[in-house]
Amino acid sequence: MSTAEDGETAQPGELTARERAVLAVERRAWSGPGPKERAIRERLDLTPTRYYQLLNALLDDPRALAHDPVTVNRLRRLRDARRARR
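Residues in the sequence shown are numbered from 2 upward in steps of one, following our numbering.
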């Protein structure tokens, strides 16, 4: 078993509950940054900064791609487009 930094455990090759929850937040359509940041703090007990750090790492994790390919590929395209504009 692997252990996540927050103490959650997952079988090898599986995402932790927190990692799945991060992807679930990204799957939703949000009306703006306020409600999303509130949900991040209340549901995941994370600061938005830490949330986005975890999310960015998940985008490069093959387990995340296997779990939710539509969301991960969409977010990868957005990230790549932002990097290309820099």
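From the three backbone atoms N, C-alpha and C, an ideal C-beta is built for every residue, glycine too.
- A check of alpha carbon separations from Pro13 across Ser32, Pro63, Arg28, Ala25 identifies Pro63 as the nearest.
- For Arg19 against His68, the beta-carbon gap comes to about 13 Å, at or over 8 Å, which does not count as contact.
- Counting only residues of its own chain and dropping the five nearest sequence neighbours on each side, Ala40 has a CB closer than 7 Å to the CB of Val26.
- Around Ala65, the same chain offers Leu59, Val73 as residues with beta carbons nearer than 6 Å, after the five sequence neighbours per side are excluded.
- Annotated three-state conformation of Thr48 is coil, per DSSP.
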